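Each position in the sequence shown, counted from 1, maps to that position plus 66 in my numbering. We put the beta carbon where it would ideally sit given N, CA and C, even for glycine. Everything numeric in this text was worked out from a predicted model, so none of it was measured.
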Amino acid sequence: MKKYVAEMIGTMILVLMGCGSAIFAGGTADTVGTGVGTIGVALAFGLSVTAMAYTIGNISGCHINPAVTLGMLLSKRISGKDAGVYMVFQIIGAIIGSAILYILVSTGTHDGPTATGSNSFEKGMMLQAFMAEVVFTCLFVLVVLASTDERKGAGNLSGLIVGLTLVLIHIVCIPITGTSVNPARSIGPALFQGGEALSQLWLFIIAPLVGSFLGFVIQKWIMNNNA
Numbered sequence: 067m068k069k070y071v072a073e074m075i076g077t078m079i080l081v082l083m084g085c086g087s088a089i090f091a092g093g094t095a096d097t098v099g100t101g102v103g104t105i106g107v108a109l110a111f112g113l114s115v116t117a118m119a120y121t122i123g124n125i126s127g128c129h130i131n132p133a134v135t136l137g138m139l140l141s142k143r144i145s146g147k148d149a150g151v152y153m154v155f156q157i158i159g160a161i162i163g164s165a166i167l168y169i170l171v172s173t174g175t176h177d178g179p180t181a182t183g184s185n186s187f188e189k190g191m192m193l194q195a196f197m198a199e200v201v202f203t204c205l206f207v208l209v210v211l212a213s214t215d216e217r218k219g220a221g222n223l224s225g226l227i228v229g230l231t232l233v234l235i236h237i238v239c240i241p242i243t244g245t246s247v248n249p250a251r252s253i254g255p256a257l258f259q260g261g262e263a264l265s266q267l268w269l270f271i272i273a274p275l276v277g278s279f280l281g282f283v284i285q286k287w288i289m290n291n292n293a
């Protein structure tokens, strides 16, 4: 049970810090204290993952993302039962994190471009959004699987590598979709945003899972060719 709770807490913190940075400080940086812009939000997500990797990594592996859990399942590093429960607790954690942010927004003001941190795409840009989420989730899962590999991984540096990769992905993908690459991270904010965010939510669930599968395939091919 401890590892499931760890996944819930880790995902809650990812949403709280990552989406929270977009809500309260996501405006374009101008003078000190007015906003952090794209780079700042990207760093918030990446640093959250890095912090959690070194906090709960030895308990649950710090997936905090159903796409990562799927990659681990396909790689046979986690059982089907654990994978399913992980995903449920990740979604619960994301909802809790979003609920905290919703309460904070409801009781005051926010300076960011979003009220919940939900993902979205512009009208007519569905294909671009789908491709972006598939490609960047593929890249993310590939790095996670490779850097955490027991034989040829990065060892204790894997948490830092994964976090920095997420920063890079956010820098490029934020202008397209707000960056999901994580179904749980998208589900929580969308539930509190409602409307269009909910109607577009399917893309931010399906595309990351497709990307996760592709990341697994590429990583497996690389490992087999280096054996």
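* Asked: Using 8 Å as the threshold, is the segment 264-282 in touch with the segment 195-204, meaning 3 or more CB pairs across them?
  -> yes
* Limits of the alpha helix (DSSP H) - the one that Cys-85 falls within -> Translated into the one-based positions of the sequence shown, residue 85 becomes position 19. Note, Cys-85: alpha helix (DSSP H), 68-91.
* **Every unbroken alpha helix (DSSP H) within the segment 210-284, with a cutoff of 4 residues, ordered by chain** => 224-243, 249-259, 262-265
* **Element boundaries [alpha helix (DSSP H), containing Phe-41]** => Lying outside 67 to 293, the shown extent of the chain, residue 41 is not represented and no answer is given.
* Asked: So what's Cys-128 in DSSP terms, helix, strand or just coil?
  -> Here residue 128 refers to the residue found at position 62 when the sequence shown is read from its first residue. Three-state result, Cys-128: coil.
* Asked: Mapping DSSP to helix, strand and coil, what is Glu-199?
  -> As a working mapping, residue 199 is identified with position 133 in the sequence shown. Correct three-state label for Glu-199: helix.
* **Contacting residues, own chain, Cβ-Cβ under 6 Å from Met-78 (five flanking each side not counted)** => Start at 1 with the first residue of the sequence shown, and residue 78 comes out as number 12. The residues are Gly-159, Ile-162, Gly-163.
* **Straight-line gap, Ser-114 to Gly-190 (C-alpha atoms, nearest Å)** => Position 48 of the sequence shown, counting from 1, holds the residue named residue 114. Position 124 of the sequence shown, counting from 1, holds the residue named residue 190. Cα-Cα distance, rounded: 32 Å.
* Since Gln-285 and Leu-208 are thought to touch, with beta carbons under 8 Å apart, how far apart are those beta carbons, to the nearest angstrom? -> On the sequence shown, residue 285 is found 219 positions in, with the first residue counted as 1. On the sequence shown, residue 208 is found 142 positions in, with the first residue counted as 1. Confirmed, about 5 Å.
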